[in-house]
Ligand code: SF4
Ligand code: SF4
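Numbering (the working numbering), first residue to last: 631 to 973.
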């Protein structure tokens, strides 16, 4: 039982922080058209600083750390970081572009419960074009290598569905099957914020070249409807993480961006049970909402229940923020799941 997490879900004060998403670096070895992360930032947290942070997080009840970036495997001391949290018995998940898995899977897979690989197309041409680097084959080899290991972690594929790949939805499901992964999940492309590296540091595609137009939304809906018939078992078994209705939410989102309907209603309490920590120590209540401070300036403890974050939690709970209405990636932990310590 985790009473502290339970209390989190019913109030705006965090008694514990079970989930942390940690951008270990903003360096990346791909050049995605929709993202400007390329080089590691100057002044990313040192291993000593991460050790101090890890102690504070553990003392505050950390259960599950999700590594993101940039590309986490590019960080030279990444194995040390995994070892550190492993020693604290924290569950670890890796979000990776998969390019280095072929080389590194043997060393690092043992740390993870799940490795989530992002793939942007069901064909090499689409994936490579959107990712800016010929990487498709190497990523699939990395997945194969990981799955061949004794005690391999769960491997899954995640795809951001957008204008340039939505017609390959069926191909992506076939690809996931051929690759032998546990499941595939889909989300819409965020075009409303600088989350996921859409900032001013590099040239990224404008929203019109990512978001679907009216005809394309219709086409996506038809594709989903056909898949709902042809891939019934994949939906019911959870191999496709989202139900057909949930996939239609992606179409709803793009339709709402065109001003044709309201954004689909989101259920999210990410700021009550989690935080995002960037490679330079900024803490955010989730991927999309502004930072409420930096751990270098004030340490971790005073930030986690600052007035500003408590006010954000209240606004999220009351569904007051436009950003929440337009959100593409939510996280919801029910009161029961929190009480049962399911993180
Ligand atoms: S979207 Fe991910 S893989 Fe692509 S450039 Fe950005 S950080 Fe790298
Ligand atoms: S709905 Fe999105 S923007 Fe709002 S708190 Fe959840 S993750 Fe953050």
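Backbone N, C-alpha and C fix where the C-beta goes; we use that ideal spot for every residue, glycine too. Every value quoted in this text rests on a predicted model; they were computed, and no experiment measured them.
According to the neighbour-count rule (16 or more other Cβ atoms, all chains shown, within 10 Å of its Cβ), is residue i buried or exposed?
i, result
"residue 701", "buried"
"residue 755", "exposed"
"residue 925", "buried"
"residue 882", "buried"
"residue 765", "buried"
"residue 949", "exposed"
"residue 798", "buried"
"residue 739", "buried"
"residue 674", "buried"
"residue 689", "exposed"
"residue 830", "Low confidence applies to residue 830: its pLDDT is 48, below 50, so where it sits in the model is not reliable, and the reading given next is rough at best. That one is exposed."
"residue 817", "buried"
"residue 727", "buried"
How many angstroms separate the CA atom of residue i from the CA atom of residue j?
i, j, result
"residue 732", "residue 767", "10 Å"
"residue 717", "residue 917", "27 Å"
"residue 638", "residue 930", "17 Å"
"residue 721", "residue 636", "19 Å"
"residue 654", "residue 752", "28 Å"
"residue 725", "residue 745", "6 Å"
"residue 884", "residue 800", "19 Å"
"residue 631", "residue 783", "26 Å"
"residue 878", "residue 967", "26 Å"
"residue 974", "residue 668", "The chain is shown from 631 up to 973; residue 974 falls before or after that span and cannot be answered."
"residue 976", "residue 657", "Because the chain in this structure spans residues 631 to 973, residue 976 falls outside the shown range and cannot be described."
"residue 866", "residue 802", "17 Å"
"residue 932", "residue 850", "46 Å"
"residue 971", "residue 647", "12 Å"
"residue 686", "residue 633", "19 Å"
"residue 684", "residue 937", "23 Å"
"residue 876", "residue 806", "19 Å"
"residue 906", "residue 804", "32 Å"
When the distance is taken between beta carbons, is residue j closer than 9 Å to residue i?
i, j, result
"residue 697", "residue 711", "yes"
"residue 749", "residue 789", "yes"
"residue 663", "residue 839", "yes"
"residue 958", "residue 819", "yes"
"residue 779", "residue 736", "yes"
"residue 695", "residue 677", "no"
"residue 814", "residue 860", "no"
"residue 915", "residue 946", "yes"
"residue 893", "residue 956", "yes"
"residue 649", "residue 973", "yes"
"residue 769", "residue 729", "yes"
"residue 692", "residue 909", "no"
Kindly list the residues whose CB is nearer than 7 Å to the CB of residue i, restricted to its own chain and excluding five residues on each side of it in sequence; keep chain order.
i, result
"residue 963", "639, 899, 903"
"residue 794", "756, 760"
"residue 777", "785, 810"
"residue 587", "No information on residue 587 is available, as it lies outside the stretch 631 to 973 that the chain covers here."
"residue 645", "634, 637, 638"
What is the DSSP secondary structure of residue i, counted as helix, strand or coil?
i, result
"residue 896", "coil"
"residue 744", "strand"
"residue 952", "helix"
"residue 880", "helix"
"residue 693", "coil"
"residue 818", "strand"
"residue 912", "strand"
"residue 924", "strand"
"residue 904", "strand"
"residue 643", "coil"
"residue 942", "helix"
"residue 853", "helix"
"residue 650", "strand"
"residue 839", "helix"
"residue 768", "helix"
"residue 756", "helix"
"residue 736", "helix"
Residues in the same chain with beta-carbon distance under 6 Å from residue i, minus the five sequence neighbours each way, listed in chain order, please.
i, result
"residue 607", "Beyond the ends of the chain as shown, which are 631 and 973, falls residue 607; an answer cannot be given."
"residue 758", "764, 766"
Among residues of its own chain, excluding the 5 on either side of residue i, which ones have a beta-carbon nearer than 8 Å to its beta-carbon?
i, result
"residue 844", "885, 888, 890"
"residue 874", "854, 855, 857, 858, 865"
"residue 707", "677"
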